[in-house]
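Presented below is the structure to which this report refers.
If you want it as structure tokens, here you go:
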């Protein structure tokens with residue numbers, strides 16, 4: 180039971196993290212909006228770089244992009260909560276039952292991976308050349324987030340046997 184409870188707690192921790200990120204983006208909207216604005220406009224990338232044709236300078240598109248990020252973070256939070264609840268409900272079941280309940284952990288992690296790897300590393304980092312900015316570069320933070328999610332998923336997905344009857 181200790182391992183099962185550990186897996187549930189780790190999923191709850193990921194949900195809490197995603198909640199705090201989304202909550203912070205809403206409650207400190209201006210600071211975090213500035214991040215999106217600078218990344219999309221590419222105004223702090225290397226001067227004269229040939230990728231500037233990719234820049235987006237429309238405030239409406241900055242806002243849409245920012246709300247898409249917030250939506251992804253909040254959805255990831257909700258999915259991690261569903262994953263934890265699913266495992267909580269199956270915690271006294273057989274190993275097979277508990278293993279089947281892990282599907283939402285996969286869905287939650289995939290959603291988080293889409294936000295922090297695809298969104299921040301692929302789109303922000305490479306398409307908008309965020310890696311060129313010394314000020315508005317969120318790649319290191321994003322890497323920590325999605326790697327942590329993947330590490331927890333690997334642990335959660337380890338097969339669980341039946342509980343010993345005492």
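Numbering (this note's numbering), first residue to last: 180 to 345.
Cβ coordinates follow ideal geometry from the N, Cα and C atoms, glycine included.
The beta carbon of residue 184 lies closer than 8 Å to those of 270 in the same chain, with the five residues before and after it left out. Put simply, the backbone Cα of residue 241 is about 16 Å away from that of residue 232. Counting other Cβ atoms within 10 Å of its Cβ, residue 343 stays below 16 and is therefore classed as exposed. Between residue 297 and residue 193 a beta carbon distance of about 18 Å is seen, past the 8 Å cut, so the two are scored as non-contacting. Contact between the segment 275–283 and the segment 298–316 is not established, with fewer than three Cβ pairs separated by less than 8 Å. In the displayed model, residue 217 falls within a helix according to three-state DSSP. Runs of beta strand (DSSP E) with 3 or more residues, each lying fully within the segment 253–316, are absent.
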